[in-house]
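Undergrad: The structure under discussion is supplied below as C-alpha cells; questions concerning it will follow.
There are 2 protein chains.
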Amino acid sequence: MSQQLSRGRRGPSMADVAREAGVSGQTVSRVANGRDNVDQETRQRVLDAMRRVGYRPNSAARALRNGRFRSIGVIMSTLSTFGGSRTLEAIASAAVARGYSITLRPVVHPTQREVTGAFSRLDEQAVDGVLVLIHERELDESEIELPAGLPVVVIDANPRSDYPSVDTDQAEGAVLATEHLLALGHETVWHIAGPPHSYAAERRRKSWQATLARHGRPIPDALTGDWSAESGYRLAQRLCDDPAVTAVFTANDQMALGLLRALHERGRSVPGDVSVVGFDDMAESRFFWPPLTTVRQSFGEVGRRAVEALLDEITTGTADATAVRVPTELVLRSSTTPPRSQAGKSDS
Amino acid sequence: MSQQLSRGRRGPSMADVAREAGVSGQTVSRVANGRDNVDQETRQRVLDAMRRVGYRPNSAARALRNGRFRSIGVIMSTLSTFGGSRTLEAIASAAVARGYSITLRPVVHPTQREVTGAFSRLDEQAVDGVLVLIHERELDESEIELPAGLPVVVIDANPRSDYPSVDTDQAEGAVLATEHLLALGHETVWHIAGPPHSYAAERRRKSWQATLARHGRPIPDALTGDWSAESGYRLAQRLCDDPAVTAVFTANDQMALGLLRALHERGRSVPGDVSVVGFDDMAESRFFWPPLTTVRQSFGEVGRRAVEALLDEITTGTADATAVRVPTELVLRSSTTPPRSQAGKSDS
DNA sequence: AAGTTCCATGTTGACGTCAACATTGACGCC
DNA sequence: GGCGTCAATGTTGACGTCAACATGGAACTT
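Protein chains in written order, with our numbering: chain P, 1 to 348; chain A, 1001 to 1348.
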C-alpha cells in the first residue's frame, strides 16, 4: 500500500486568485491583508475567488518580503521536565492565540557554542523573537553573542541578565516553605537543593539560608541533588538516621518523593517524625504518601507572561530589561506538622 | 534601561559575499550548497568572504525557491503529559540532528476543524512533513482533509489509519502486565483503564480483556479513569473494600499512584493484600511506595522512529502506510507478589 | 469649466536563492 | 589546426508577496 506523493507541489498563489477574480495581484494582496482601501464589491469577489481556488498565503514569500515570519523561536534545554513541558505548553498556546507559530530548538548541552548556534539557526529562519528557557547558568560566564536586534526574553534567568526576563519568584517560594516549617515550631530546616548549575536551585537555596539566618536559626549544610527522585532518595540516607532532623525543605517535588520513600524504608513517619515541604506542586504530589505540602509555581503564568513580554518587544521595537516575577503559593497538605517534642525549644 | 532594536534588519546576502569574494552570486550558492563543481581555490575565497561578512543563508528565500523549508510540523494535543513531552523531546533532537527544525502546533480540542486548521497553517509555513500526536480518537469518525501530498506520520494512531504510524505496542504491554499477575497465581486481574477517547487506553483495555479470556478467567468490569492520579484515587474506592480484588493493572503510572494512596488510606497493604502493575515507567515510579512494577514504554524510541519514517517519506516521496510497533518491557519492582491465600486456586 | 482631491485599482521591482542555460577557455585527439 | 569535451564560472529569470509609485476617473471646489 504505497501512494505517490506529488512533491514540491505548490498551492495556488495570489496570481491565480487575481486571474480568477479579474483583478490585479496587488488587490488580492490588499484583501488578504485586510486593508480597507478596497471596494466592498471587489473585496467580496476576491474573497470568493480565494475560496474557489483554495488560496492560502505563502509564509515563506511573506517572510522573504517582510524580513520576518510571525513565528517565535524557543530555545530549550529542559523539554521533558515537568516545569519545562508545562511552560512550553503555555508558550505555545499563548503564541498561537496571537497568531504566531513556534519554532522549537532543543539544546542538549547548553554550552555557549551550542546556544549561539541555536540563535543563529533561529535567526536564519526569520523568527521574530526568541524565548530562552535554559536552566543552566553556565551561560553567563562568557557572554552569549546574539544576533543583534533579535528580540529576546529569558525565562528563569540570571537576575543580572541584560535581557527582559520572566520567572517564578523563587526566593518568595523558599521563604514560604521555610517559614511555614519554622512557624510549626521546628528548630531549623534542612534543605535538599537542586543542582548548583541551575539558577532556580541556587535562588531557592540562598533564600532558604537567608530565611534561617533572619530568624537566627542554625543553618545546616544543604544537600545537593539533581532534581531527580533518585537523588532525593540517595541524599535522604544522610538525613534519615539523624533524630535532629525534623523538617526538610526539598527544592522540588520529585526529590521530596525520593525522600519520602527513604523515610518510609527507615520506618520514620512523615509528618510524625519528619515534616517535608516540596516545590512545584506537580499533579502527582497530592497523591504522594502522605500528600505533600509544597510550593506551587505557575508555569502556565510564566509562559504566558514571557510570550506577552516578547510580543511587546517585537511590536514596539524596544526592550525593557525588566524582570517579571510570578508569585508562588504554599499548598498545605499532610506532610508537615509540629515537631514531636517541642519542650525545651524556644524561639530565639 | 531600554535599547533600540534595529528592526527588520537583514543580514548580508549572497550578493554581498559574491562582491566581497569577486565571484558571481551563483558561485556563492554553489559553495553554500556544497556542490563539487567549484575550483578549490575559489571555494576557499568564497568561504573566507562568507566568514568576513558574516553570511548566513536565508531560509525564507530558500523555502520560497525550493517550496520547502527543512522543517517538520508537529501537531500535538498532549504536550504536557509525561509521554507527550518525552516524545516531543525525542522528535526534536532527532529532527535537529538531521538538520530539520520543528514547528510546533498545539491543538487544544482536537476537533476535526481544529486539526484541519493546524494542517493548513503548517502547510502555509512550508513544512516538509507533519507528525501528528493526538491521543484522542474522535478524529477517525470523519475523515480529516489533509493538504494533498504533504507527508504525514501519525503517532499513537488508530490502527486502521491510512497513514504510516508509529506507536508503542500497547497490546503487548497489556499482555505482559496481565500475564505477570496471572503467573503469580492471581485468579483474575482488575483494570483501571484510561479514557475511552484515547486509542492507547482502548488498546490496553482490549488486550487486558483478551488476555483474561484467553486464560479462561473471569473478566471484571474495567473502571474508566482519565489518566490522572486523581481519577485513580477516586476509582480505587470501589476496589479497596472488595477482598476479591487481589491484583490490579492500571493503564498508567499516575492512576496507579492514586490507587496506591487509596489502598494505604484503607490500610490495605501493597503488595500483601493487593498487587498493582502500572504502565509507562515514569521516572518517579521507582520511588512510589512501594516501588511500582510497571510496563516500560520507550517514548524516545517512538519519537525517533516517527521522525525517521517521516524523513523517509519526505526524501523518497512515497508513503508506506506501515505501522511501526515499538516493544514494551515489564519492569519488576515491589508492588506485585502472589496472592495471600493461594490454596484451592489452580491454573486452568 | 478648470483645477484639486481622493479613492480604487494597476504596474513595477525587489526581497535572497538557485535551476537552467550560456559562456569561456583549457585540453586532448585525429 | 580544427573540433569536440569538459570543467569552472557567469547570466537570467522565477518562486509569491507587497511597498512604492502610477493611473484613471468621480466628486468636489471656486
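The beta-carbon is built from N, C-alpha and C at its ideal position, and this holds for glycine as well.
As the structure is a computational prediction, the values presented were derived from the model and not from experiment.
For P/Val-108 and P/Ser-77, I'd like the C-alpha separation in whole angstroms.
TA: Each residue's Cα considered, the two are about 6 Å apart.
Undergrad: Count the other CB atoms, across all protein chains shown, that sit within 10 Å of the CB of A/Ala-1097; report buried if there are 16 or more and exposed otherwise.
TA: Looking at its Cβ environment, which holds fewer than 16 other Cβ atoms inside 10 Å, A/Ala-1097 is exposed.
Undergrad: For the ligand MN, is there any heavy atom lying closer than 8 Å to the beta carbon of P/Ser-231?
TA: This structure lacks the ligand MN, and indeed carries no ligand of any kind.
Undergrad: Would you report the Cα separation of A/Asp-1273 and A/Leu-1212, rounded to the nearest angstrom?
TA: In a straight line, the C-alpha of A/Asp-1273 is about 21 Å away from that of A/Leu-1212.
Undergrad: With distances taken Cα to Cα, identify the nearest neighbour of P/Ile-75 among P/Glu-136, P/Arg-68 and P/Ala-32.
TA: Of the candidates P/Glu-136, P/Arg-68 and P/Ala-32, the one whose C-alpha sits nearest the C-alpha of P/Ile-75 is P/Glu-136.
Undergrad: For A/Pro-1057, which residues of its own chain have a beta-carbon under 7 Å away from its beta-carbon, when the five flanking residues on both sides are left out?
TA: Once the five neighbours on either side are set aside, the close Cβ partners of A/Pro-1057 are Ala-1032.
Undergrad: For A/Trp-1289, tell me which candidate among P/Gly-216, P/Tyr-233 and P/Ser-275 has the shortest Cα-Cα distance.
TA: The residue with the shortest Cα to Cα distance from A/Trp-1289 is P/Tyr-233.
Undergrad: Please determine, among P/Gln-254, P/Val-245 and P/Met-255, the residue with the shortest C-alpha to C-alpha distance to P/Arg-268.
TA: Minimum Cα distance to P/Arg-268 is reached at P/Val-245.
Undergrad: Would you mind reading off the limits of the alpha helix (DSSP H) that contains A/Thr-1316?
TA: Segment 1299-1316, the alpha helix (DSSP H) holding A/Thr-1316.
Undergrad: Need the endpoints of the alpha helix (DSSP H) that A/Ala-1118 sits in, please.
TA: From DSSP, the alpha helix (DSSP H) with A/Ala-1118 extends over 1112-1124.
Undergrad: On the DSSP letters alone, give me the boundaries of the alpha helix (DSSP H) that P/Met-255 sits inside.
TA: Run containing P/Met-255: 253-265, per the alpha helix (DSSP H) assignment.
Undergrad: Tell me whether the stretch 1051-1065 of chain A and the stretch 35-43 of chain P touch, counting them as touching only if at least three CB pairs, one residue from each stretch, are closer than 8 Å.
TA: The stretch 1051-1065 of chain A vs the stretch 35-43 of chain P: no contact.
Undergrad: To the nearest angstrom, report how far apart P/Glu-284 and A/Gln-1254 are at their CA atoms.
TA: Distance between the alpha carbons of P/Glu-284 and A/Gln-1254: 7 Å.
Undergrad: Taking the alpha-carbon positions, what's the A/Arg-1007 to A/Arg-1062 distance?
TA: Only weak support is given to the placement of A/Arg-1007: the predicted model assigns it a pLDDT of 43, under 50, and the question is left unresolved by the model.
Undergrad: For the alpha helix (DSSP H) that P/Val-53 lies in, which residues bound it at each end?
TA: Unbroken alpha helix (DSSP H) run through P/Val-53: 40-53.
Undergrad: Kindly indicate the opening and closing residues of the beta strand (DSSP E) around A/Met-1076.
TA: That run of the beta strand (DSSP E) goes 1071-1076.
Undergrad: Classify A/Ala-1262: buried if its beta carbon has 16 or more other beta carbons within 10 angstroms, exposed otherwise.
TA: So A/Ala-1262 counts as buried.
Undergrad: Against P/Gln-254, what residues of chain A qualify as contacts under a CB-to-CB distance less than 9 Å, listed in chain order?
TA: Those within 9 Å of P/Gln-254 in chain A are Ala-1283, Glu-1284 and Phe-1287.
Undergrad: Between which residues of its own chain and P/Ser-194 is the CB-CB distance below 6 Å, once the five residues before and five after are set aside?
TA: Note that residue 194 of chain P is Gly in the sequence shown here, rather than Ser. The residues are Ala-201, Trp-227 and Ala-251.
Undergrad: Taking the CB atoms as reference points, tell me whether P/Leu-181 and P/Thr-336 lie closer together than 9 Å.
TA: For P/Leu-181 and P/Thr-336, yes; Cβs fall inside 9 Å.
Undergrad: Helix, strand or coil, according to DSSP, for P/His-191 in the structure here?
TA: P/His-191 falls in the strand class under three-state DSSP.
Undergrad: Can you look up P/Pro-339 in the DSSP assignment and give me helix, strand or coil?
TA: Coil at P/Pro-339, not helix or strand.
Undergrad: Between A/Val-1189 and the rest of its own chain, which residues show a CB-CB distance below 6 Å, the 5 nearest in sequence each way excluded?
TA: Same-chain partners within the cutoff: Thr-1178, Leu-1181, Ala-1247 and Phe-1249.
Undergrad: For A/Leu-1131 versus A/Ala-1306, is the C-beta distance shorter than 9 Å?
TA: Yes, Cβ-Cβ distance for A/Leu-1131 and A/Ala-1306 is below 9 Å.
Undergrad: Is there a Cβ of chain P sitting closer than 9 Å to that of A/Pro-1106, yes or no?
TA: Judged by the 9 Å Cβ criterion, A/Pro-1106 is in contact with chain P.
Undergrad: Spell out whether any CB of chain P is found under 9 Å from the CB atom of A/Ile-1192.
TA: Judged by the 9 Å Cβ criterion, A/Ile-1192 is not in contact with chain P.
Undergrad: Assuming P/Val-270 contacts P/Val-166 (C-beta within less than 8 Å), just tell me the rounded distance between them.
TA: Rounded, the Cβ-Cβ distance is 34 Å, inconsistent with contact.
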